[in-house]
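Residue numbers (this note's numbering), protein chains in the order written: chain A, 1 to 150; chain B, 151 to 804. For every residue, glycine included, the Cβ atom is placed at its ideal position computed from N, Cα and C. Values in this document were obtained by computation on a predicted structure and should not be read as measured data.
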């Protein structure tokens, strides 16, 4: 059933391959009718923020005038209505466009430094600060001279 | 004629910069007051000629002289005057001339503020001017070889190509100059740091000279980033204000490092602590400015900011970047071991607070750099394309900034060197109470409930109340608040301002409501507590565009509040369409309405947002910048008092 849904959507998209230009707001409406169910619409909104508009300059499909962004906004609403989960929709788009479409890169071997680098840096830095303070306190104990500032 | 005049002025500025470099370094090496004075004179002369080149270019724009290449490429006779003027820097060539102009301003300021009579200080300033001259030479050669705006076109075209309509906005008049005042201002701190490394005496005297420049640069950078964010907010038409776009990141990284720098400088100037670290930060801050320039100008990044970029220019800037990072770092490796340690300090001290600040700010900058460059590196190394977007930065940078916000009110409460931590925490009891009340209030009122939103509100109020508590504690009574030293005010304003920003960001991202609907004239739609009624649309003619202009009546509780007029503009010369959103603000909330597009049968797609607290983002940034101005004002006043010893009033430095 899921495979059938994918096929349907893929055909649908293939049928309306819109020209991918950045400034085409005039020819092409950016309007996508919101889903009637507010819970599903909220899901669609949240999902939009995590998907990249591939022809834009670093924008998500949530805030782009590009045709592709409009098409993808429509697509995820169709898929949500068909009962697909967020992960299903993301997997579909990743299969179609690659991980480039995800605003949040997946945690895997080649993104390990990206994801864990900051935490490692904070820990290393905290260690350096710790050593600095311990040394400084030792000097303070042996060199009590120097008045306290107001 | 005018084009050649500009080019000649750039060449003369280059010649004078060579003199400035030579006289700056050799005058200091020989201790010759006359040669050092020559260096200062050359700095002023170089500034005058760069200013001449800049105004020559502006003249060519204003008079629509299309025989000048840059003007033909980026201007048009029908463009309003303000965009002819600000259009000077709305492109690569012109923005580099602005960059040089501001570098010249800072060099001239270093030359003019050189105190007389003190030999070591004179040598320090002279070497700093030498380093400034080297930077100017590199960028003048860059402009003359790869980005000359004065190249002639023959025959001159009858009409120019016009300016990207997105840039035809008052934002272009403020955002780039402020940002460059910040970016390039960090060159002054860099130059003094390099000068200190070249000096055998190696003390912390350079910090005293460099600190006002770093504060000025930080203030300008704060305002520049805020102006850019505001511009994006009202012009892009989706209610967003920060996109973690690579070019935005390129301005945020130097800001984070500059923030770390002005804190670290405070400690170094006061107690001599962190001497080598402050030197490193001064080098890093300007390096990040150059990295930003490289990322934007080379075209390695796709961004809304990357107008007219060229890989050849990228190579040139990469070379400048390489030299200006490696040369001072080599000097640093040589000199740093000889630095004497500053006064020791205890765990509960302001120094510890500054270390925490420096750690979190520098790691945040490093994280943003990683996130910005990672896709490029991965693509080059393995051919894998990934996107690093807002969710990544929310997951990594926001926690670090939250930790920073927790620590921020503590720093100013603790004393230098040694402090009683119990007394410090007790002094902040009203701050704790206010943050707790804010948390409970947010729990009761704010819907939807969001952990991130609650955290932002709690920390925002913690910052604001903590800063006010500190002011009250220092003053002792309301009447004495005005007697507090400017340093206390500047810290409180800068810290509280960030709290205001945090509230705004939380409101505008987590608690915004939005609606999109197709409405025909006479029909209504709802957003938040407002009802919008489309009354009519009409076609209006602008100076160089035609627009569809809507009249939309805003109602709340059945009562008419106002009529707003969002526009959709079409620029025939550039063949682009822009949205001119209509924002009705009550300061605590923005109603943001966009006329999106026309539907068949007379209906219009209208997008509307209610962004609670959104104006706080930019108000907060203004408060932070005000802190910078107060600090600068205090310095100027202190200098004036020092110049008249008889009038001296004793006042603590911080």
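What does the Cβ neighbour count give for residue i, buried or exposed, with the cut at 16 atoms within 10 Å?
i: residue 213(B); result: exposed
i: residue 85(A); result: exposed
i: residue 413(B); result: buried
i: residue 568(B); result: buried
i: residue 136(A); result: buried
i: residue 484(B); result: exposed
i: residue 48(A); result: buried
i: residue 290(B); result: buried
i: residue 805(B); result: Outside the shown range of chain B, which is 151 to 804, sits residue 805(B), and nothing can be said about it.
i: residue 690(B); result: exposed
i: residue 628(B); result: exposed
i: residue 465(B); result: exposed
i: residue 120(A); result: exposed
i: residue 480(B); result: exposed
i: residue 453(B); result: Only weak support exists for where residue 453(B) lies, its pLDDT of 49 falling under 50; the coordinates are left without a value.
i: residue 134(A); result: exposed
i: residue 21(A); result: Any answer about residue 21(A) is weak, because its pLDDT of 34 lies below 50 and its placement is not dependable; what the coordinates show is given next. Classification for residue 21(A): exposed.
i: residue 374(B); result: buried
i: residue 344(B); result: buried
i: residue 810(B); result: An answer regarding residue 810(B) cannot be provided, because it is not within the stretch 151 to 804 covered by chain B.
Do residue j and residue i come within 7 angstroms of each other at the CB atom, strictly closer than that value?
i: residue 155(B); j: residue 227(B); result: no
i: residue 173(B); j: residue 196(B); result: no
i: residue 766(B); j: residue 654(B); result: yes
i: residue 782(B); j: residue 365(B); result: yes
i: residue 422(B); j: residue 503(B); result: no
i: residue 648(B); j: residue 669(B); result: no
i: residue 252(B); j: residue 334(B); result: yes
i: residue 524(B); j: residue 547(B); result: no
i: residue 225(B); j: residue 323(B); result: no
i: residue 760(B); j: residue 677(B); result: yes
i: residue 718(B); j: residue 682(B); result: no
i: residue 217(B); j: residue 285(B); result: no
i: residue 723(B); j: residue 643(B); result: no
i: residue 103(A); j: residue 43(A); result: no
i: residue 93(A); j: residue 101(A); result: yes
i: residue 623(B); j: residue 638(B); result: no
i: residue 367(B); j: residue 390(B); result: no
Give the interface partners of residue i over in chain B, defined as CB-CB distance under 9 angstroms, in chain order.
i: residue 127(A); result: In chain order: nothing, as chain B lies at least about 10 angstroms away.
i: residue 110(A); result: 528, 531, 532, 534 and 536
i: residue 131(A); result: Chain B residues near residue 131(A): none, gap ~11 angstroms exceeds 9 angstroms.
i: residue 85(A); result: Within 9 angstroms Cβ-Cβ: nothing; residue 85(A) doesn't reach chain B, min ~18 angstroms.
Just to make sure I have the definition right: I need the residues of chain B whose C-beta is within less than 8 angstroms of the C-beta of residue i. Which are they?
i: residue 93(A); result: Chain B residues near residue 93(A): none, gap ~12 angstroms exceeds 8 angstroms.
i: residue 122(A); result: 509, 510, 513 and 550
i: residue 39(A); result: Per Cβ cutoff of 8 angstroms: no residues; residue 39(A) is ~12 angstroms from chain B at best.
i: residue 139(A); result: 491 and 494
i: residue 89(A); result: Correct list: empty, because the minimum Cβ distance to chain B is about 16 angstroms.
Can you pull the chain A neighbours of residue i, defined as C-beta to C-beta under 8 angstroms?
i: residue 733(B); result: Those do not exist, as residue 733(B) stays about 16 angstroms from chain A at its closest Cβ, beyond 8 angstroms.
i: residue 390(B); result: 63
i: residue 497(B); result: 133 and 137
i: residue 505(B); result: 129, 132 and 133
Below 7 angstroms on C-beta distance, what does residue i contact in chain B?
i: residue 50(A); result: 541
i: residue 29(A); result: 747, 749 and 755
Anything in chain A within Cβ reach of residue i, meaning under 9 angstroms, just list it in chain order.
i: residue 516(B); result: 117, 118 and 121
i: residue 320(B); result: Under the 9 angstroms cutoff, chain A gives no residues; its nearest Cβ is about 22 angstroms from residue 320(B).
i: residue 395(B); result: 57, 58 and 59
I'd like to know if residue i contacts chain D, where contact means its C-beta is closer than 7 angstroms to some C-beta of that chain.
i: residue 520(B); result: Here the protein chains are A and B, and chain D is not one of them.
In chain A, which residues lie less than 7 angstroms from residue i when you measure between Cβ atoms?
i: residue 546(B); result: 118
(request) Run through the region 181 to 232 of chain B for me and flag every whole alpha helix (DSSP H) of 4 or more residues, listed as ranges in chain order. (result) 183 to 212 and 219 to 224
(request) Could you name the residues of the region 523 to 540 of chain B whose beta carbon sits closer than 9 angstroms to any beta carbon of chain A, in the order they occur along the chain? (result) For the region 523 to 540 of chain B, which is checked against every Cβ of chain A, the residues closer than 9 angstroms are 524, 525, 528, 531, 532, 534, 535, 536, 537, 538, 539 and 540.
(request) Taking a Cβ distance cut-off of 9 angstroms, strictly less, list which residues of the region 57 to 72 of chain A are near chain B, in chain order. (result) From the region 57 to 72 of chain A, only 57, 58, 59, 60, 62, 63, 64 and 65 have a Cβ closer than 9 angstroms to chain B.
(message) Quick check for students: name the residue ranges of the beta strand (DSSP E) that lie wholly in the region 549 to 596 of chain B, counting only runs of 3 or more.
(response) Those beta strand (DSSP E) runs which fall completely within the region 549 to 596 of chain B and span 3+ residues do not exist here.
(request) Give the residues from the region 685 to 708 of chain B that approach chain A closer than 9 angstroms (Cβ to any Cβ), ordered along the chain. (result) Residues of the region 685 to 708 of chain B whose Cβ lies closer than 9 angstroms to any Cβ of chain A: none.
(request) Jot down the residue ranges of each uninterrupted alpha helix (DSSP H) in the region 389 to 422 of chain B, minimum 4 residues, whole runs only, in chain order. (result) 396 to 421
(request) Kindly provide the ranges of any alpha helix (DSSP H) runs that are 4 or more residues long and lie completely inside the region 706 to 743 of chain B, ordered along the chain. (result) none
(request) With 7 angstroms as the C-beta to C-beta threshold (strictly closer), list the residues of the region 736 to 750 of chain B near chain A in chain order. (result) 746, 747 and 749
(request) Below 9 angstroms between beta carbons is the criterion; list the residues of the region 653 to 676 of chain B that meet it against any residue of chain A, in chain order. (result) 664, 665, 666, 667 and 668
(request) Could I get the ranges of all uninterrupted alpha helix (DSSP H) runs contained in the region 294 to 361 of chain B, with 4 residues as the minimum, in chain order? (result) 321 to 348
(message) Quick check on the DSSP output: what are the complete beta strand (DSSP E) runs of length 3 or more inside the region 604 to 671 of chain B, in order along the chain?
(response) The DSSP assignment places complete beta strand (DSSP E) segments of no fewer than 3 residues inside the region 604 to 671 of chain B at 663 to 669, in order along the chain.
(request) For the region 94 to 106 of chain A, enumerate the residues whose C-beta is nearer than 9 angstroms to any C-beta of chain B, in chain order. (result) 98, 99, 100, 101, 102, 103, 104, 105 and 106
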